[in-house]
Amino acid sequence: MTPASDTRDVRPAGAPDPLRQAEAAAYGRERRRRGRVSRVVMAALAVGAALLGNRIASALATPGPLVLDGAVYAWAALAALWLAGLPFAIEGWRASLRVGLSRQRLPSWLGDQAKGLAIGAVLAPLALIGLVAALREWPHGWWVPVTLGSLALELVLSVLTPVVLVPLFSPSHPLPPGPLADDLSALAARGGV
Numbered sequence: 034m035t036p037a038s039d040t041r042d043v044r045p046a047g048a049p050d051p052l053r054q055a056e057a058a059a060y061g062r063e064r065r066r067r068g069r070v071s072r073v074v075m076a077a078l079a080v081g082a083a084l085l086g087n088r089i090a091s092a093l094a095t096p097g098p099l100v101l102d103g104a105v106y107a108w109a110a111l112a113a114l115w116l117a118g119l120p121f122a123i124e125g126w127r128a129s130l131r132v133g134l135s136r137q138r139l140p141s142w143l144g145d146q147a148k149g150l151a152i153g154a155v156l157a158p159l160a161l162i163g164l165v166a167a168l169r170e171w172p173h174g175w176w177v178p179v180t181l182g183s184l185a186l187e188l189v190l191s192v193l194t195p196v197v198l199v200p201l202f203s204p205s206h207p208l209p210p211g212p213l214a215d216d217l218s219a220l221a222a223r224g225g226v
């Protein structure tokens, strides 16, 4: 009596799974399509804002100083961009759930969206106020302080992001003691980290 032969697809360890490869390709195509449509919508929003600039300015007119004006304009732009991008973000979240790239549920995802909006609500007015102040102070050379300010902001954010912002969205826990922790500590020590 001969043993029954196994007809399953047996691939060498580490060989790509054709089904997963097809799913990944479909996910990538969908993500690129969604990105293109999102960019078209955002470009249309920007063109609309430019064409309707005077009406938007009169609707958002505040009797306050530059700081208040900058904050109101930045918050209005932030809200408009977020609302315009929300359908694409939701579809991206749903697609990542479908293919198993994420297990995040809707309440947690909405919480992350709120955190992102809160961070934007702090940073956007500062950036816009700095830009307008530079335009007023140096009408012909405004780009120099704006460039230096954006470099400084990027440097500060590159230091703060891993320590302050990333833990807001993706909390981590210390690695428990063991061989992996020892190996990673040794690697970090060799790298001077």
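Numbered continuously in the working numbering, the sequence shown closes out at residue 226.
Quick reminder that beta carbons are idealized off the backbone N, C-alpha and C, glycines included.
Just so you know, these numbers come straight off a predicted model, no measurement behind them.
- When the alpha-carbon of I162 is set against those of E63, Y60, D102, the nearest one is in D102.
- Inclusion of L111 and A58 in the CB contact set at 8 Å is not warranted, their separation being larger than that value.
- Judged by DSSP secondary structure, R88 falls within the alpha helix (DSSP H) whose first and last residues are 86-92.
- Note that the segment 73-92 does not touch the segment 126-140; fewer than 3 beta-carbon pairs, one per stretch, sit closer than 8 Å.
- For G118, the enclosing alpha helix (DSSP H) has its first and last residue at 99-131.
- Nearest to S71 by alpha-carbon distance, out of G125, P98, A94, is G125.
- Two segments are said to touch when three or more pairs of C-beta atoms, one from each, lie closer than 8 Å; by this definition the segment 183-203 touches the segment 144-152.
- Classified as exposed, A147 has fewer than 16 neighbouring CB atoms from the shown chains inside 10 Å of its CB.
- Per DSSP, the continuous alpha helix (DSSP H) segment holding L220 begins and ends at 212-224.
- Around the CB of A157, 16 or more other CB atoms lie within 10 Å, so the residue is classed as buried.
- Around the Cβ of A48, a 10 Å sphere holds fewer than 16 other Cβ atoms; the residue is exposed.
- Under the three-state reduction of DSSP output, D50 falls in the coil class, being neither helix nor strand.
- DSSP places P140 within a helical segment (H, G or I) once states are collapsed to three.
- For G182, the uninterrupted alpha helix (DSSP H) segment begins and ends at 176-193.
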